[in-house]
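Trainee: Before I ask anything, here is the structure I am working with.
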Amino acid sequence: MNLRDRSLVAAPLVAALALVSSAHCGDDSTGRQRVSFEVYAGAIRAESDSSMGWHVRVEQAAVAIGPIRWYEGPPLFGELRRMFTGVAWAHPGHYVPGGALADITARGVADLMATAPVRIATATGVSGAVQSAHLELHPSEGDLGPARAALRNGSLSLRGTATRGDVTVRFEAAPRIDVNIEGIPARATLDGTPGRFEVGVDLGALLDRVDFSTLPVQPAETVAFPETGQASNALYRGAVSGASWRFTWVAGANP
Amino acid sequence: MLRSASFVTRTSPVTAPLVAALLLASPYARAQQADDAAVAVDAAVAPAAEGAATVRAEAPRRAPSDYTFDVRTLRAVPRSSAAEFLTLAPGFLLSQHGGDGKAHQIFLRGFDAQHGQDVEFTVGGMPVNEVSNVHGQGYADLNFMIPEAVDRVRVLEGPFDPHQGDFAVAGSARFDLGAADRGTLLRASYGMFNAARAVALVAPPGERRETFLAGEYARSDGFGDNRASSRAAAMGQYARELAGGAVLRALAFTYAARFDSAGVVREDDLARGRDFFATYDTRQGGFSSRHGAVVELSLPRGRDRTSLSAFVSLRALRVRENFTGFLLDPRGDRFEQTYDAVTAGLTASHRASFTLFGRAHAWEVGLSARHDVTAQAMRRLRSADDAAYATPVDADVNATDVGLFVDLDLRVLPRVSLRGGVRADALAYQIDDRVSRDSTSPGAAPRGRRDAQGLQLGPRATVDVDLGAGFSVTAAYGKGFRSPQALTLGEGESAPFAVVHAGEVGGRFRRWFGSAGVTLFATHVDRDLVFVPELGTNVVNEMSAATTRLGVAALVRATPIRGVEVVVSGTWARATYDASGLLVPYVPPLVGRLDVAFSREVARLFDNALTVSAGLGATAVGERPLPFSERSPAWLVLDAGASARLGPVELGLSARNLTDARWRDGVFAYPSDFTPGPGGSVVPVQHFTAGRPLTILSSVTLYL
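Chains as they are written, first to last, in our numbering: chain A, 1009 to 1263; chain B, 15 to 718.
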């Protein structure tokens, strides 16, 4: 074999090898990545005027939330509905969650009256654009430890006053709610950059439809929400409404 | 479909062994024997009674990556199934993630071919890929082959031959059945995990190499939870030379297997202490059977040849798997898929020679046709009692594939050959879909009947330049296709084929000791099928975008000393999505394989030859890219075997995974929740299926 023949062999091979080598210059990953972020919870509107004409002021509030899951599916008219009606929905109809991007499977208890949002847990997941979230409420059980006392065996506990005219009602509630609230608007791009999700509990929305006049009020005493009745039903509807829960992505380092 | 240009020459009783001996003695013949495109002349094949030698000529090389392996010597390397002979070809990686009885998952040169969607398989002239199988398009269960009855494997990595049809995306593989060593073989094996196997192979002396009768029974408790399996198979083939040199070949086979499957283990569970070989669901497994027959008539007329073959097969498959636990439904996500098919078809071709400008050329016209009548279903089963609670798939699919091709073999210059042609495939589907139009209302009207048809044209071309002194360079281009999953078709839809454009160039060097070659390849596919564990099948989804694969493969085959054969190969492939440049997940970029076999008579005892054989196999796989920019660990698995034969008795010992490495046979990333009840994570996590641990088998073989 002479030099020319060898060149004939080598030339196309070298050219092809160069082509293959150049192909190695691209991204050496499959895209996306594992991410984690902290989840905090705090109160929104501890003091508000309800649609039932009451001025409500919450003085103590705690909630056990979780698991929480973040999905890539958009909430169906989520923000639009919130804008016009002020409420979201417990049964979101044709909402399609799509792929799950992150979650926390444990439950965390938050003192909503703390001076700053309370850390719930660290969520783990994969990168992507989050558009909605699922949040579960369950009655407090032994797994919550000492924090269970603050919940008084409920999923959440509230204590405060409601005033309409010259009537003031001191109330407390610890409903045992067992529900998965789907399709809550929660928008963020999870790409590994620092940030956290803050779950805001809109106490005003929780209690917005409660007619405190239906409670068996005893003067100078705190009245508990009965297991049935308008107040409990309205609180339940408030709790399972997506409008009571605000997921906000806060970029930057955690507090 | 690959076809060989095999022919038979009749010689006199004197000249046959003489010619054979001369050819065997020459260095050139030894090189040819070791070479993947060589003419193999085997004196042992010569039917002495008739005084004729069977001379097997390969089809012309279609690409640098056109490999033919005579597996006779390499049997000393332990293999668990005939399918594992594929690993002799560069880039092939087989995964048995579904248990012994389910089709292998196949990786080849940057392709995750799933259970066969990208590799066209034929066995003894029978197409194996299953059209629109509910578990995966092109599902190819090769377990019905009895390893001892496999004579030769031809692998063509790419769609470069007009004979190749549906599913030849990453390439084709053809298994030729036969027995080079004539006589009767009775083998019994027993080993770890209560594995037992019995094989009988009868290859009557004096008959052609293709003639044999074989039976096999094997069972095992499996190497971990829920991995028991058993199978029984029988194959018989008879080939006879008729008047005028015509050769008639008839093949019949039957096979049935039942297997348990352990399924996947979550990586985070493993980290928490779960056993590497554990299972979440002990009701996984399946049943597989195949029965079939092939009749082929080859009519040579001088240098011309006409061939005609017909085949029929009956197929049944039932697979129960659970990839996701309780993620999709609190009743459990286990699914059962069933696929029953009757396939019939034929192939015909005529090849003729002609002379032009003083050189001999050839043309060929051929057709292939098959019709599949299938019934398939998928049901979701309640975890507690296997009661079906949902039926996502329930359909009959009839598919017809008619392919026509024209092929030219032109010797344009004394050392330059130009081969190629064009192939046209017309596919038609009749679908009777019994699933409700409204998934929330099972009583709603079914989706009903749909018909679809499509046509695909594919040119293929090869230039082969013999540079002399053992050097050659070959370049090839081909356009291939994969048919669509029929249930995805709409009424009157022009069937959307997945189209592949492939090209490669390679050089080869041949000498008396063997051959060495290197191939650079590039492949583009316009749409991939992606396995979705939640659905338990391959689908077109957002991950099905166009992909490109670039890579290099090398193969060295050598017979450095008498009795020793070495085959070593390595493949590097980079598979990326065109739009993003990101890597295609799961595809191993690096696959290496070594086979070393030794067999020699070392002494004579008691008037009998003492023959010692030994084999070593090594498979190395580099880190595999997984979704979310993660990587699976690289692994190396060694297999070794040795045997000693004295006269008619042979004792053998083989060890798979000699170092007892913990390796991940299959890797997957998706969400799952194997804990009943709410509360589990739904974020994608890594899963794996455990590879085989150290497994030692002993065997006794009688040669009668």
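Note that CB positions come from ideal geometry on N, CA and C, so glycine has one too.
Between which two residues does the beta strand (DSSP E) carrying A/Val1248 extend?
Mentor: For the purposes of this step, residue 1248 of chain A is taken as residue 240 along the first sequence, with counting starting at 1. Careful: A/Val1248 lies outside any beta strand (DSSP E), inside the alpha helix (DSSP H) at Gln1238 to Val1248.
Trainee: Determine whether the beta carbon atoms of B/Ala536 and B/Gly517 lie at a separation below 9 Å.
Mentor: Position 522 of the second sequence holds residue 536 of chain B. Position 503 of the second sequence holds residue 517 of chain B. It is a contact, given that the beta carbons lie within the stated cut-off.
Trainee: So which residues on chain A does B/Gly694 lean against when the C-beta distance must stay under 8 Å?
Mentor: The sequence position of residue 694 of chain B within the second sequence is 680, counting from 1. In chain order, Thr1113 make up the part of chain A whose C-beta sits under 8 Å from the C-beta of B/Gly694.
Trainee: When you check each C-beta in the segment 627–649 of chain B against every C-beta of chain E, which residues fall closer than 8 Å?
Mentor: Absent from the structure is chain E; the protein chains it does hold are A and B.
Trainee: Going along the segment 1049–1076 of chain A in order, which residues come within less than 8 Å of chain B, judged by CB to CB distance?
Mentor: Pro1075
Trainee: State yes or no: is the beta carbon of B/Leu88 nearer than 9 Å to at least one beta carbon in chain A?
Mentor: Taking the second sequence and counting its residues from 1, the one referred to as residue 88 of chain B is at position 74. By this cut-off, B/Leu88 is not an interface position.
Trainee: Within 10 angstroms of its Cβ, does B/Asn412 collect 16 or more other Cβ (buried), or is it exposed?
Mentor: The residue labelled residue 412 of chain B in the question sits at position 398 within the second sequence. Around the beta carbon of B/Asn412, a 10 Å sphere encloses 16 or more other beta carbons of the protein chains shown; the residue is thus reported as buried.
Trainee: Per the DSSP calculation, B/Val616 is bridged to which residue(s)?
Mentor: As a first step, residue 616 of chain B is located in the second sequence; it is residue number 602 there, counting from the start. Per DSSP, none; premise fails for B/Val616.
Trainee: Give a yes or no on whether the minimum CB-CB distance between A/Ala1110 and chain B is below 9 Å.
Mentor: By one-based count along the first sequence, residue 1110 of chain A stands at place 102. It does; some Cβ of chain B falls within 9 Å.
Trainee: Does the beta carbon of B/Val697 sit closer than 9 Å to a beta carbon anywhere in chain A?
Mentor: Translated into the one-based positions of the second sequence, residue 697 of chain B becomes position 683. Answer yes: the Cβ-Cβ gap between B/Val697 and chain A drops below 9 Å somewhere.
Trainee: At what residue ranges does the segment 402–448 of chain B contain a whole run of the beta strand (DSSP E), taking only runs of 3 or more?
Mentor: Every beta strand (DSSP E) of 3 residues or more that sits fully in the segment 402–448 of chain B is shown, in chain order, as 402–427.
Trainee: By Cβ distance, which residues of its chain are closer than 8 Å to A/Pro1183, with the 5 residues on each side in sequence left out?
Mentor: If you number the first sequence from 1, residue 1183 of chain A lands on position 175. Around A/Pro1183, the same chain offers Gly1162, Ser1163, Leu1164, Phe1233, Ser1240, Leu1243, Tyr1244 and Ala1247 as residues with beta carbons nearer than 8 Å, after the five sequence neighbours per side are excluded.
Trainee: For the segment 247–260 of chain B and the segment 221–234 of chain B, state whether three or more C-beta atom pairs, one from each stretch, are separated by less than 8 Å.
Mentor: yes
Trainee: What separation, rounded to the nearest whole angstrom, lies between the Cα atoms of B/Leu381 and B/Glu134?
Mentor: Taking the first residue of the second sequence as 1, we reach residue 381 of chain B at position 367. Taking the first residue of the second sequence as 1, we reach residue 134 of chain B at position 120. Computed Cα separation, rounded: 16 Å.
Trainee: Quick one, are the C-beta atoms of B/Pro707 and B/Phe291 less than 9 Å apart?
Mentor: Position 693 of the second sequence, counted from the start, is the residue given in the question as residue 707 of chain B. Position 277 of the second sequence, counted from the start, is the residue given in the question as residue 291 of chain B. Between B/Pro707 and B/Phe291, the CB-CB gap stays under 9 Å.
Trainee: Quick check on this structure: which residue in A/Thr1113, A/His1142 and A/Phe1179 has the alpha carbon closest to the alpha carbon of A/Thr1230?
Mentor: Residue numbering aside, residue 1230 of chain A sits at position 222 when the first sequence is read from its first letter. Selected option, being the one with the closest Cα: A/Phe1179.
Trainee: State the Cα-Cα distance for the pair A/Val1258 and B/Arg645, rounded to the nearest angstrom.
Mentor: Here residue 1258 of chain A refers to the residue found at position 250 when the first sequence is read from its first residue. Here residue 645 of chain B refers to the residue found at position 631 when the second sequence is read from its first residue. Taking the straight line from one Cα to the other gives about 31 Å.
Trainee: Taking the beta strand (DSSP E) that B/Asp165 falls in, what are its first and last residues?
Mentor: Position 151 of the second sequence, counting from 1, holds the residue named residue 165 of chain B. Residue range Val164 to Leu170 is occupied by the beta strand (DSSP E) that includes B/Asp165.
Trainee: On the DSSP letters alone, give me the boundaries of the beta strand (DSSP E) that A/Leu1114 sits inside.
Mentor: One-based indexing of the first sequence puts residue 1114 of chain A at position 106. Reading off the sequence, residue 1114 of chain A comes out as Ala, not Leu. Note, A/Ala1114: premise wrong, no beta strand (DSSP E); not H, not E.
Trainee: Would you say B/Leu596 reaches chain A, if we count a Cβ-Cβ gap shorter than 9 Å as a contact?
Mentor: Residue numbering aside, residue 596 of chain B sits at position 582 when the second sequence is read from its first letter. Yes, because at least one Cβ of chain A sits closer than 9 Å to the Cβ of B/Leu596.
Trainee: Between A/Glu1080 and chain B, is there a C-beta pair that is closer than 9 Å?
Mentor: In the first sequence, the residue the question calls residue 1080 of chain A occupies position 72. So no, A/Glu1080 is outside the interface.
Trainee: How is the alpha helix (DSSP H) around A/Arg1156 delimited, first residue to last?
Mentor: Position 148 of the first sequence, counted from the first residue, corresponds to residue 1156 of chain A. Its alpha helix (DSSP H) spans residues Ala1155 to Leu1159.
Trainee: Could you please give the first and the last residue of the uninterrupted alpha helix (DSSP H) stretch that includes B/Glu281?
Mentor: By one-based count along the second sequence, residue 281 of chain B stands at place 267. Where B/Glu281 is concerned, the enclosing alpha helix (DSSP H) stretches over Glu281 to Ala285.
Trainee: Exposed or buried, which one is B/Phe371 when buried takes at least 16 other CB atoms within 10 Å?
Mentor: In the second sequence, residue 371 of chain B corresponds to position 357, counting from 1. Classification for B/Phe371: exposed.
Trainee: Out of B/Leu328, B/Glu350 and B/Leu660, point me to the one whose CA is closest to B/His305's CA.
Mentor: Along the second sequence, one-based indexing puts residue 305 of chain B at 291. It is B/Leu328.
Trainee: Along the alpha helix (DSSP H) that carries B/Gly1, what are the first and last residues, could you check?
Mentor: Residue 1 of chain B lies beyond the residue range present for chain B, which begins at 15 and ends at 718; the question has no answer from this structure.
Trainee: Applying the 10 Å Cβ sphere with the 16-neighbour rule, what's the burial state of B/Leu395?
Mentor: Taking the first residue of the second sequence as 1, we reach residue 395 of chain B at position 381. Buried is the call here.
Trainee: Kindly indicate if chain B contains any beta-carbon less than 9 Å away from that of A/Gly1039.
Mentor: Taking the first sequence and counting its residues from 1, the one referred to as residue 1039 of chain A is at position 31. Yes, contact with chain B.
Trainee: Mind listing the chain A neighbours of B/Pro599? Cutoff is C-beta to C-beta under 7 Å, in chain order.
Mentor: Position 585 of the second sequence, counted from the start, is the residue given in the question as residue 599 of chain B. Per Cβ cutoff of 7 Å: Thr1038.
Trainee: Given that a residue counts as buried once 16 or more other Cβ atoms are within 10 Å of its Cβ, and exposed if not, what is B/Glu162?
Mentor: For the purposes of this step, residue 162 of chain B is taken as residue 148 along the second sequence, with counting starting at 1. The residue in question, B/Glu162, is buried, as its Cβ has 16 or more Cβ neighbours within 10 Å.
Trainee: Since I believe B/Thr533 is in contact with B/Phe237 (beta carbons under 8 Å), could you give me their beta-carbon distance rounded to a whole number of angstroms?
Mentor: By 1-based counting over the second sequence, the position of residue 237 of chain B is 223. By 1-based counting over the second sequence, the position of residue 533 of chain B is 519. So it is not a contact: roughly 36 Å between Cβ atoms.
Trainee: Indicate whether A/Gly1212 and A/Glu1067 have their beta-carbon atoms separated by less than 9 Å.
Mentor: Translated into the one-based positions of the first sequence, residue 1212 of chain A becomes position 204. Translated into the one-based positions of the first sequence, residue 1067 of chain A becomes position 59. Against a cut-off of 9 Å, the Cβ pair of A/Glu1067 and A/Gly1212 comes out as no contact.
Trainee: Would the segment 293–313 of chain B and the segment 171–178 of chain B be scored as touching if the rule is three or more Cβ pairs under 8 Å?
Mentor: no
Trainee: Measure how close the beta-carbons of B/Leu265 and B/Gly138 come, nearest whole angstrom, since I'm counting them as under 8 Å.
Mentor: Stepping through the second sequence from its first residue, residue 265 of chain B is reached at position 251. Stepping through the second sequence from its first residue, residue 138 of chain B is reached at position 124. About 5 Å separates the two Cβ atoms, so the contact holds.
Trainee: Helix, strand or coil for B/Met140 per DSSP?
Mentor: For the purposes of this step, residue 140 of chain B is taken as the residue at position 126 of the second sequence. Residue state, collapsed to three classes: strand.
Trainee: Does DSSP classify A/Leu1188 as helix, strand or coil?
Mentor: Counting from 1 along the first sequence, the entry for residue 1188 of chain A is found at position 180. Reading the sequence as shown, one finds Asn at residue 1188 of chain A and not Leu. Here A/Asn1188 sits in strand by DSSP.
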